[in-house]
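Asker:
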Amino acid sequence: MSQNQDAVIAVVGSAMMDLTAYAHVLPEPGQTLVGEVFTTGFGGKGANQAVMAALCGANVHFIGKLGKDVFGDAIAENFNKVGINVSYVDRSNTPTGVAHIWVDGEGENRIIIIPGANHEIEISRAVDAINNIPDLTIVIAQCEIKQEVTIAAFKAAKSRGCTTILNPAPFEQLSPELIELCDWIIPNETEFRELHGALPTSDEILKSFRPGKKSIVTVGSQGAIFIDSDGSLVKCPAPQSTAVDTTGAGDSFVGSFAYALAKGEDPATAMRFGVKVASRSVTKKGAQSSYPDQAEIKTFS
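My numbering puts the first residue of the sequence shown at 52, with every later residue one more than the last.
Right under this line is the structure:
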């Protein structure tokens, strides 16, 4: 991994506690089944991406909101543990967000999120953060916080010359204003279809997505595809791995890709790094708990 510049990244996003049930077969409506394991773990798409970038070695600032509860206390403590700057993490009387996750025997998941305090992030607070974080290079956001907060943060980021990355998940209709503010959009296959009207099944479909802008489509076990601003494509297959739990894999890609990009890697190289990291994450249970540590990450460079 190139070391020619500092990787200062801000993540404007969600932090949640994941409540995960594992069962070989998931129940149908009206059915009760006996599961195998229940776990609690740190999650939220924003927090996942921030933690992954920090584990890679980035200087990460998290901009978000937690409840004044035990979940919020635990998440804040974990941020400190992995070295994330929490100067712009506020607390609310509204409970911390939670995600209810079901994982089947094939490692596939179904998730319901309750945003809680994540929907109380103030626009002024986000803008103040983006304007004042020293040497900021990249700003990341997702769709688990209010879109107007992301728009304001990205406007501030663009005015500073920062690169903006949007992971449009969980999917919601994006305003034209937000789309225009995104230097990068990184959807998975389903989110790509919602944005573009078709699955990314051909080069022609991929090349017609956001002409003049850069994007990456993550395609699960197949890896990822970089769409350059000139319409050219770079495809990166994923290394073979046995999926245990895919929760948080997309977030691990975004966080590690952003780190590599911030370090000065070209987009194709940064994508390959992100694919390696994400592919390793699916081999363990949980979201952040599945992420490789710094020693392992160094072997991916």
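Using N, Cα and C, we set each Cβ at its ideal position, and we do this for glycine too.
Taking the alpha carbon of Ala61 as the point to measure from, which residue in Gly248, Gln82, Val333, Phe113 has its own alpha carbon closest?
Answerer: What you label residue 61 is simply residue 10 of the sequence shown in a count that begins at 1. The residue with the shortest Cα to Cα distance from Ala61 is Phe113.
Asker: Between the alpha carbons of Cys213 and Thr252, how many angstroms are there, rounded?
Answerer: If you number the sequence shown from 1, residue 213 lands on position 162. If you number the sequence shown from 1, residue 252 lands on position 201. The straight-line gap from Cα to Cα measures roughly 32 Å.
Asker: The alpha helix (DSSP H) that contains Lys314, what's its start and end?
Answerer: Numbered from its first residue, the sequence shown carries residue 314 at position 263. Careful: Lys314 lies outside any alpha helix (DSSP H) and carries neither H nor E.
Asker: State whether the segment 138-148 contacts the segment 76-90, with contact taken as three or more CB pairs (one from each stretch) at a distance under 8 Å.
Answerer: no
Asker: Quick one: which unbroken beta strand (DSSP E) runs of 3-plus residues sit fully inside the segment 140-203? Chain order, please.
Answerer: 148-154, 160-165, 189-192
Asker: Using only alpha-carbon positions, find the residue among Arg142, Asn110, Asp186, Asn131 that is nearest to Asp120.
Answerer: Here residue 120 refers to the residue found at position 69 when the sequence shown is read from its first residue. Closest option to Asp120, Cα to Cα, is Arg142.
Asker: Use the C-beta contact count for Pro262: other C-beta atoms within 10 angstroms, 16 or more gives buried, fewer gives exposed.
Answerer: As a position in the sequence shown, residue 262 is number 211, starting the count at 1. Looking at its Cβ environment, which holds fewer than 16 other Cβ atoms inside 10 Å, Pro262 is exposed.
Asker: Taking DSSP as the reference, what is the three-state secondary structure of Val270?
Answerer: Here residue 270 is taken as the residue at index 219 of the sequence shown, counted from 1. Correct three-state label for Val270: coil.
Asker: By the DSSP assignment, the alpha helix (DSSP H) with Asn129 in it spans what residues?
Answerer: Residue numbering aside, residue 129 sits at position 78 when the sequence shown is read from its first letter. Following the DSSP letters along the chain, one finds Asn129 inside the alpha helix (DSSP H) bounded by residues 121-133.
Asker: Residues in the same chain with beta-carbon distance under 8 Å from Glu240, minus the five sequence neighbours each way, listed in chain order, please.
Answerer: Against the sequence shown, residue 240 aligns to sequence position 189. Once the five neighbours on either side are set aside, the close Cβ partners of Glu240 are Leu250, Pro251, Val268, Thr269, Val270, Gly271.
Asker: Based on the DSSP output, what are the partners of Leu70 in its beta bridges?
Answerer: In the sequence shown, residue 70 corresponds to position 19, counting from 1. According to DSSP, Leu70 shares a beta bridge with Thr91, His151.
Asker: Buried or exposed: which applies to Thr215, given that a residue is buried once 16 or more other Cβ atoms fall within 10 Å of its Cβ?
Answerer: Position 164 of the sequence shown, counting from 1, holds the residue named residue 215. Flag for Thr215 reads buried.
Asker: In the DSSP assignment, what residue or residues form a beta bridge with Leu117?
Answerer: The residue you call residue 117 lines up with position 66 of the sequence shown. BP columns for Leu117 point to Arg142.
Asker: Using 8 Å as the Cβ pair cut-off and three pairs as the minimum, do the segment 288-308 and the segment 82-89 touch?
Answerer: no
Asker: Please report the straight-line C-alpha distance between Leu84 and Tyr73, rounded to a whole angstrom.
Answerer: Here residue 84 is taken as the residue at index 33 of the sequence shown, counted from 1. Here residue 73 is taken as the residue at index 22 of the sequence shown, counted from 1. So the alpha carbons of these two residues sit roughly 11 Å apart.
Asker: Looking at the structure shown, is Ala346 part of a helix, part of a strand, or coil, going by DSSP?
Answerer: Within the sequence shown, the letter at position 295 stands for residue 346. It is helical.
Asker: Could you give the DSSP three-state label for Leu84: helix, strand or coil?
Answerer: To locate residue 84, count along the sequence shown from 1; it is residue 33. Note: Leu84 maps to coil in three-state DSSP.
Asker: I'd like the span of the beta strand (DSSP E) that includes Ile237, first residue to last.
Answerer: Looking up residue 237 in the sequence shown gives position 186. Unbroken run through Ile237: none, as it is neither H nor E.
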